[in-house]
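Trainee: Next up is a structure, given as structure tokens.
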Amino acid sequence: MQDVLMSDYGVTVSEIEDVKTITSEFQPLIGTAKPEQSAINATKRSVDDHVKEEKYLLNDIG
Numbered sequence: 014m015q016d017v018l019m020s021d022y023g024v025t026v027s028e029i030e031d032v033k034t035i036t037s038e039f040q041p042l043i044g045t046a047k048p049e050q051s052a053i054n055a056t057k058r059s060v061d062d063h064v065k066e067e068k069y070l071l072n073d074i075g
């Protein structure tokens, strides 16, 4: 793969190593998005449920 990048695209070994280093530095952060997104989705569902309940109550009163 490295040979293809270097010959076909003019990428240097140094640039490849830089990308590997940057990727490894950010690797621990990649796994944190899923739990945060799950919490956001759960909160949205809860808010939606409350809004639906309020609409039903308002319809019953009106």
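All residue numbers for the sequence shown refer to this note's numbering, where the first residue is 14 and numbers rise by one.
By construction, the Cβ of each residue, glycine as well, lies at the ideal position given by its N, Cα and C atoms.
Only a predicted model underlies this, so the values are computations on that prediction, with no experimental measurement involved.
With DSSP as the reference, label T36 as helix, strand or coil.
Mentor: Along the sequence shown, one-based indexing puts residue 36 at 23. Helix, per DSSP.
Trainee: In whole angstroms, give me the CA-to-CA distance for D73 and I43.
Mentor: On the sequence shown, position 60 is the one that residue 73 refers to. On the sequence shown, position 30 is the one that residue 43 refers to. Going by the C-alpha atoms only, they are around 47 angstroms apart.
Trainee: Reducing DSSP to helix, strand and coil, say where T25 ends up.
Mentor: Counted from its first residue, the sequence shown places residue 25 at position 12. It is coil, neither helix nor strand.
Trainee: To the nearest angstrom, how far is it from the Cα of K65 to the Cα of N54?
Mentor: In the sequence shown, counting from the first residue as 1, residue 65 sits at position 52. In the sequence shown, counting from the first residue as 1, residue 54 sits at position 41. Their Cα atoms are separated by approximately 16 angstroms.
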